Structures are given as structure tokens and as C-alpha cells.
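Novice:
Protein chains: 2
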Amino acid sequence: MQIDLIEIVGIIAACCTTASFVPQVMHTWKTKSVKDISLKMYGLFSFGLCLWLVYGIRIKSLAIILANSITLTLACSILLMKIVFNKKQDN
Amino acid sequence: MQIDLIEIVGIIAACCTTASFVPQVMHTWKTKSVKDISLKMYGLFSFGLCLWLVYGIRIKSLAIILANSITLTLACSILLMKIVFNKKQDN
């Protein structure tokens, strides 16, 4: 199975944009501080990722399903921490 | 030109995940506070978007080029604000 160079670029791109949320999850979990993070961003972003997941399942694209389910998990954990830690900061 | 429903879902997904960075740009511009934002995330994310752009240009996909160039512009502006406002907060 010979993979084009450009497909390798696409795979690396998907890995980078997916993995990039890991440092934010770790940073937020460590600091428990979420003031500077936009709730609207992670809400809209998570909704968009859900649609990408529906799209990937419908067209049976394993790459789209894998990348977006991982990113959705990371984005939702940031969204959850934003909601939970926001409440704690308000009290 | 008849567009499948699932292609419309894909277009809405792309619009949501791209547009979702606008509230973060506005939030960061307004507050000038970047402590909670991960530099590593936006650095790796921007690098990944650059690769997506190379991929989109190479396979001549207008959708991938459009979505990723807009997201790259937004992600880079957050990255820039993170670097600039971080310095101001240190002084």
C-alpha cells in the first residue's frame, strides 16, 4: 500500500490539530482557572465537532470519525471544566 | 446542482468549527488577559492548520483551503495576543 506524500501531510495535520487540545486540557486541569477561556468558543466548537462526527459516520470515513471523536472528547472536557471551575470562581 | 443533505451537514460543521474561534478572539481582545490560554495549544494548532492548508492546496480542495485559512488567521491572532499580552502581564 503506497501512500502519497501529501496524504502523510494530511495525517500529520490531523494529528497536530487534534493533539493540540491536550496542552489546554492539562493547563486548565492544573490551574483550575478558566476566566480567559471563551465558553461560546468551546460550545460552538463542540457542536461543530458533533456535526463532523455525523458527517464522518455518514460517509464512512474512519479518519474523520477518529480525529473528530478525539477532538470532541478534549473540547468537551475543556467546556466542562469551564462550566465547573467558573462556578467555583464565582462562589 | 443538487447537494446531498450530508454535504450541508459538513458545510455547517466547517462553519461552526471555524467561526467558533471568533468569540475567543473577541474575549481575549477585550480582556487582554491570556493567563488561562495554553501557548502550546495555539502553537501546535496553528502548525497543524498550516499543514491542512498545504494539503488543501495540493489536492485543490476549495473547502479545505477556505475553512483552514480563516481558522489559521483566527488561531494566529490568539497566538499573537497570547505572546504580546503575556509579556505585558509579566512587566
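In order, the protein sequences belong to chains A and B. The opening position of the first sequence corresponds to residue 1 in the UniProt record's numbering, with each subsequent residue numbered one higher. The opening position of the second sequence corresponds to residue 1 in the UniProt record's numbering, with each subsequent residue numbered one higher. C-beta atoms are modelled at their ideal positions from N, C-alpha and C, and glycine is treated no differently. All values derive from a computational prediction rather than experimental measurement.
Would K40 (chain B) pass as a contact of P23 (chain A) if the rule is Cβ separation under 8 Å?
Specialist: In contact: K40 (chain B) and P23 (chain A) (Cβ atoms closer than 8 Å).
Novice: At the level of alpha carbons, what is the spacing between A75 (chain B) and A67 (chain A)?
Specialist: In a straight line, the C-alpha of A75 (chain B) is about 19 Å away from that of A67 (chain A).
Novice: Determine whether the Cβ of I3 (chain B) lies closer than 8 Å to any Cβ atom of chain A.
Specialist: By this cut-off, I3 (chain B) is not an interface position.
Novice: Would you kindly check if the distance between the Cβ of W52 (chain B) and the Cβ of T18 (chain A) is under 8 Å?
Specialist: No.
Novice: Return helix, strand or coil for I65 (chain A), following the three-state DSSP convention.
Specialist: I65 (chain A) falls in the helix class under three-state DSSP.
Novice: Taking S33 (chain A) as the query, report the chain B residues whose CB atoms sit under 8 Å from its CB, ordered along the chain.
Specialist: By Cβ distance, chain B contributes K35, D36.
Novice: So, does the CB of A63 (chain B) fall closer than 8 Å to a CB anywhere in chain D?
Specialist: Structure shown: chain D not included; protein chains present are A and B.
Novice: Roughly how many angstroms separate the alpha carbons of H27 (chain B) and I78 (chain B), rounded to a whole number?
Specialist: One C-alpha to the other measures close to 10 Å.
Novice: Could you name the residues of the stretch 45-61 of chain A whose beta carbon sits closer than 7 Å to any beta carbon of chain B, in the order they occur along the chain?
Specialist: Of all residues in the stretch 45-61 of chain A, F45, F47, G48, L49, L51, W52, V54, Y55, R58, I59 have a Cβ within less than 7 Å of some Cβ in chain B.
Novice: In whole angstroms, what separates the C-alpha of I64 (chain A) from that of I6 (chain A)?
Specialist: The straight-line gap from Cα to Cα measures roughly 17 Å.
Novice: What residue from A:V25, A:Y55, A:R58 has the CA that sits closest to K82 (chain A)'s CA?
Specialist: Nearest C-alpha to K82 (chain A): A:V25.
Novice: 8 Å is my cut-off, CB to CB: does I83 (chain B) come that close to chain A?
Specialist: For I83 (chain B), the answer is no, since every Cβ of chain A falls outside 8 Å of its Cβ.
Novice: Can you find the residues in the same chain that come closer than 8 Å, C-beta to C-beta, to L80 (chain B), ignoring five residues on each side of it along the sequence?
Specialist: Once the five neighbours on either side are set aside, L80 (chain B) has no close Cβ partner at all.
Novice: Below 8 Å between beta carbons: does that hold for S33 (chain B) and F45 (chain A)?
Specialist: No, the Cβ-Cβ distance between S33 (chain B) and F45 (chain A) is not below 8 Å.
Novice: Cβ closer than 7 Å: which chain A residues qualify as neighbours of A13 (chain B)?
Specialist: In chain order: G48, L51, W52, Y55.
Novice: Go through its chain and collect everything with a Cβ distance to I57 (chain A)'s Cβ below 8 Å, but skip five positions before and after it.
Specialist: Closer than 8 Å at Cβ, skipping near neighbours: I65.
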